[in-house]
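Protein chains in written order, with the working numbering: chain W, 1 to 242; chain Z, 1 to 64.
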Amino acid sequence: MPTPTKGPRLGGGPAHERLILANLAQALFEHDRITTTEAKAKRLRPLAERLVTFAKRGDLHARRRVMTVIRDKGVVHRLFTEIAPDMADRQGGYTRITKIAPRKGDNAPMAVIELVREPVNAKPKRAVVAEAEGATKRAAKEDAAAAEAAPADAPELEPLAEGKYGADSAAPVDGGLSPDPEKFTVKGNEDSMKYHVPGSRWYDSTVAEVWFTTPEAAQAAGFEPAGGEKAQEVAEDGDDEA
Amino acid sequence: MAVPKRKMSRANTRSRRAQWKATPTALATCPNCGAAKQGHMACPNCGTYKDRHYSAAERTEHQS
Numbered sequence: 001m002p003t004p005t006k007g008p009r010l011g012g013g014p015a016h017e018r019l020i021l022a023n024l025a026q027a028l029f030e031h032d033r034i035t036t037t038e039a040k041a042k043r044l045r046p047l048a049e050r051l052v053t054f055a056k057r058g059d060l061h062a063r064r065r066v067m068t069v070i071r072d073k074g075v076v077h078r079l080f081t082e083i084a085p086d087m088a089d090r091q092g093g094y095t096r097i098t099k100i101a102p103r104k105g106d107n108a109p110m111a112v113i114e115l116v117r118e119p120v121n122a123k124p125k126r127a128v129v130a131e132a133e134g135a136t137k138r139a140a141k142e143d144a145a146a147a148e149a150a151p152a153d154a155p156e157l158e159p160l161a162e163g164k165y166g167a168d169s170a171a172p173v174d175g176g177l178s179p180d181p182e183k184f185t186v187k188g189n190e191d192s193m194k195y196h197v198p199g200s201r202w203y204d205s206t207v208a209e210v211w212f213t214t215p216e217a218a219q220a221a222g223f224e225p226a227g228g229e230k231a232q233e234v235a236e237d238g239d240d241e242a
Numbered sequence: 001m002a003v004p005k006r007k008m009s010r011a012n013t014r015s016r017r018a019q020w021k022a023t024p025t026a027l028a029t030c031p032n033c034g035a036a037k038q039g040h041m042a043c044p045n046c047g048t049y050k051d052r053h054y055s056a057a058e059r060t061e062h063q064s
């Protein structure tokens, strides 16, 4: 059961609040996603989720209970036949509120409230985490392999000290400088396991623990793009921003 | 009705008002586009929040 509302109502009184919330709920079930003020979105959430619960029950009594709030039969039909099946596997949390920048005129904090209609099992975050963990493990293995290999060919090492992440990497010289500025251009930060391409946002401020020839080589070594994939595409216009 | 006994000096008024200070807004970096944005809020530049896009969040011509 939703927590009882404390403090003053929205609008001019209790009846006005009921009307506002009913209209907002109707708009939400009609359009799936509406933009409103943060306060209204927060008040709407318990009401909307309760109506979805009724819709999931799906019988005539539930439909009549919903009809007392939403007067539009078309919208109620959509709620019962289209929205409720999508929510079947979801145990609550049918709506999502995302804050957006304040409104221009009165600087009111705004929010987008939307129905969460994607399947419950879709968890893109999990996949990313698993991938990152896998990459870390691979990097650790490569580390170990490189450490084993290093003593063997240490005597005939070329002047460039080969980095511990394979042929496409190199250890820095003179406290962070690239051993070959033409060839090794991508900086790797071992503390954060992220890499930076030239011209990207944190490139100049990063002290490289390892240098790579290409972003792909850095990724293969288990480094992630700093600030996300897009921020670390080899960008020529990055210099303008910096 | 209780009223002030003395006119408040300009110095006192200004000393009091000197304490009215604005605080800077804490800004974070948008992981998608790199622009500055407020925390827990969709990015006003590219409109994304947690890899979801909200076109209503994007700043328009009318807003500065």
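Backbone N, C-alpha and C define an ideal beta-carbon position, used for all residues, glycine too.
Source: prediction; values computed, not measured.
Spatial neighbours of residue i in its chain, beta-carbon cut-off 8 Å, leaving aside the 5 residues before and after
i: valine 3 of chain Z; result: none
i: alanine 56 of chain Z; result: Gly47
i: leucine 10 of chain W; result: His16, Glu17, Ile20, Leu21, Ala39, Lys40, Arg43
i: aspartate 191 of chain W; result: Glu209
i: arginine 33 of chain W; result: Val112, Ile113, Glu114, Leu115
i: glycine 58 of chain W; result: Phe80, Ala84
i: threonine 3 of chain W; result: Pro46
i: arginine 78 of chain W; result: Phe29, Glu30
i: valine 120 of chain W; result: Asp89, Arg90
i: valine 186 of chain W; result: Tyr195, His196, Val197, Pro198, Trp211, Phe212, Thr213, Thr214, Pro215, Ala217, Ala218
Own chain partners of residue i with C-beta closer than 7 Å, once the 5 adjacent residues on each side are dropped
i: phenylalanine 223 of chain W; result: Gly188, Met193, Lys194, Tyr195
i: valine 168 of chain W; result: Note that residue 168 of chain W is aspartate in the sequence shown, not valine. Once the five neighbours on either side are set aside, the close Cβ partners of aspartate 168 of chain W are Phe212, Thr213, Thr214, Ala217.
i: glutamate 236 of chain W; result: For glutamate 236 of chain W, the predicted structure reports a pLDDT of 45, less than 50, and the residue's modelled location is therefore unreliable. A value from the coordinates is still provided. Contacts found: Gly199.
i: alanine 139 of chain W; result: Ala221, Gly222
i: asparagine 32 of chain Z; result: Cys43, Cys46, Thr48
i: leucine 177 of chain W; result: none
i: valine 173 of chain W; result: Pro179
i: serine 15 of chain Z; result: none
Proximal residues to residue i (C-beta, below 6 Å), its chain only, five neighbours per side dropped
i: lysine 35 of chain W; result: A quick correction: the sequence has threonine, not lysine, at residue 35 of chain W. Taken in chain order, the residues that qualify are Val112.
i: proline 109 of chain W; result: Glu38, Pro102
i: arginine 59 of chain Z; result: Pro44
i: alanine 62 of chain W; result: Phe54
i: arginine 96 of chain W; result: Glu114, Val116
i: alanine 48 of chain W; result: Ala25, Leu28, Thr95
i: cysteine 30 of chain Z; result: Lys37, Cys43
i: lysine 52 of chain W; result: For the sequence presented, residue 52 of chain W should be read as valine rather than lysine. Correct list, in chain order: Met87, Tyr94.
i: tyrosine 54 of chain Z; result: Ala42, Gly47
i: alanine 135 of chain W; result: Gly222
Residue i - partner residues in DSSP beta bridges
i: tyrosine 54 of chain Z; result: DSSP, once it has assigned bridges, lists no residue as partnering tyrosine 54 of chain Z.
i: phenylalanine 212 of chain W; result: W:Ser169, W:Val186
i: proline 225 of chain W; result: W:Tyr195
i: glutamine 38 of chain Z; result: Z:Leu27
i: threonine 136 of chain W; result: None, per the DSSP bridge assignment.
i: isoleucine 118 of chain W; result: The sequence given here places glutamate at residue 118 of chain W; isoleucine does not occur at that position. BP columns for glutamate 118 of chain W are empty, so no partner.
i: valine 112 of chain W; result: W:Thr35, W:Thr98
i: threonine 48 of chain Z; result: Z:His53
Original post:
Taking contact to mean at least 3 C-beta pairs separated by less than 8 Å, is the region 40–54 of chain Z in contact with the region 94–103 of chain W?
Top reply: At 8 Å Cβ cutoff, the stretches touch.
Original post:
Can you list, in chain order, the residues of the region 34–45 of chain Z whose Cβ is nearer than 7 Å to any Cβ on chain W?
Top reply: Taking 7 Å as the upper bound on Cβ-Cβ separation, chain W lies near residues Gly34, His40, Met41, Ala42, Pro44 of the region 34–45 of chain Z.
**OP:** Please specify which runs of the alpha helix (DSSP H), each continuous and at least 4 residues long, are wholly inside the region 176–207 of chain W, giving them in chain order.
**Re:** Entirely contained in the region 176–207 of chain W, not one alpha helix (DSSP H) run reaches 4 residues.
**OP:** Could you tell me whether the region 67–74 of chain W touches the region 85–98 of chain W, where touching means 3 or more Cβ pairs closer than 8 Å?
**Re:** They do not touch, by the three-pair rule.
**OP:** Output, in sequence order along the chain, the residues in the region 77–102 of chain W whose CB is closer than 7 Å to any CB in chain Z.
**Re:** Along the region 77–102 of chain W, going in chain order, the ones with a CB nearer than 7 Å to a CB of chain Z are Thr98, Lys99, Ile100, Ala101.
Original post:
Going along the chain, which residues of the region 26–46 of chain W sit with their C-beta nearer than 7 Å to a C-beta in chain Z?
Top reply: The residues in question are Thr35.
Subject >> Sufficient close CB pairs (3 or more, under 8 Å) joining the region 40–47 of chain W to the region 13–25 of chain W >> reply: Touching, per the Cβ criterion.
Subject >> Near-chain Z residues of the region 105–121 of chain W (beta-carbon distance less than 7 Å), N- to C-terminal order >> reply: Residues are counted here when their Cβ sits less than 7 Å from a Cβ of chain Z; for the region 105–121 of chain W these are Val112, given in chain order.
Original post:
Which runs of the beta strand (DSSP E), 3 residues or longer, sit entirely within the region 78–110 of chain W?
Top reply: The qualifying runs are 95–100.
**OP:** Could I get the ranges of all uninterrupted alpha helix (DSSP H) runs contained in the region 8–77 of chain W, with 4 residues as the minimum, in chain order?
**Re:** With a minimum length of 4 residues, the unbroken runs of alpha helix (DSSP H) contained wholly in the region 8–77 of chain W fall at 14–31, 38–57, 60–67.
Subject >> Interface positions of the region 18–29 of chain Z facing chain W (Cβ-Cβ less than 8 Å), listed along the chain >> reply: Within the region 18–29 of chain Z, the qualifying residues are Thr29.
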